[in-house]
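Beneath this line is the structure, given in structure tokens, with notes to follow.
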Amino acid sequence: MAEILIADDDPDVTKMMAAILRQAGHKVITCDSGVAALKTLGIQPDDATAELPDILILDIMMPKTDGYMAATVIRKNPRTRAIPILVVSALHDLSRLFTATLQVEEFLTKPFTPEDLTGRVAKILKGRKPLA
1 MAEILIADDD PDVTKMMAAI LRQAGHKVIT CDSGVAALKT LGIQPDDATA ELPDILILDI
61 MMPKTDGYMA ATVIRKNPRT RAIPILVVSA LHDLSRLFTA TLQVEEFLTK PFTPEDLTGR
121 VAKILKGRKP LA
């Protein structure tokens with residue numbers, strides 16, 4: 001199916017999302033911060049050989065580089081700007097900000113069900129454009 005990168009600083013949430021997505025047949029990579037996500041994507045430091053995921057699942061509230069800052073950097077980078085982003089957060093009030101200013105594909109409010117997560121991922125995969 002798809003390769004999915006999850007960036008969330010809560011290990012329990014990360015494990016749960018990874019298990020749900022692996023059970024749905026996806027390959028999952030996890031990291032615990034926005035800084036680690038940028039490194040994994042080959043942005044900071046610059047690494048043009050880094051493999052890019054089909055989808056990025058990004059938490060908003062993370063230390064140092066939060067999800068908003070990470071998404072901003074990802075969208076400005078020519079190599080990563082087309083990666084679909086699913087923002088997952090307990091902060092429902094920010095959904096419009098993320099979808100309007102950063103063009104994220106989906107926003108999922110915590111808590112969510114496994115069906116909510118797999119449904120949003122399936123929706124993104126169905127409508128995605130190939131990465132440049």
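Residue 58 in the numbering used here sits at position 58 of the sequence shown, and the numbers go up by one each step. Positions of the beta carbon are idealized from the N, C-alpha and C atoms, including for glycine. Bear in mind that the values here come from a model prediction, so they are computed numbers and not experimental data.
Which word fits I60, buried or exposed, when buried means at least 16 other C-beta atoms lie within 10 angstroms of its C-beta? buried
For a minimum of 3 consecutive residues, which ranges assigned as the beta strand (DSSP E) are wholly contained in the stretch 59 to 99? 85 to 89
Going by the beta-carbon positions, is the gap between A122 and T109 smaller than 8 angstroms? no
Near A48, what residues of its chain come up, given a Cβ to Cβ distance below 8 angstroms and the 5 sequence neighbours on each side ignored? G42 and R79
Mind checking whether L117 and I20 have CB atoms under 8 angstroms apart? yes
V104 by DSSP, collapsed to three states: which one? coil
Would the C-beta of V73 count as close to the ligand NAP, meaning under 7 angstroms from any of its heavy atoms? Inclusion of the ligand NAP in the displayed structure is not the case, the ligand content being empty and no account of it being possible.
Per-residue DSSP class, three states only, for K126: helix
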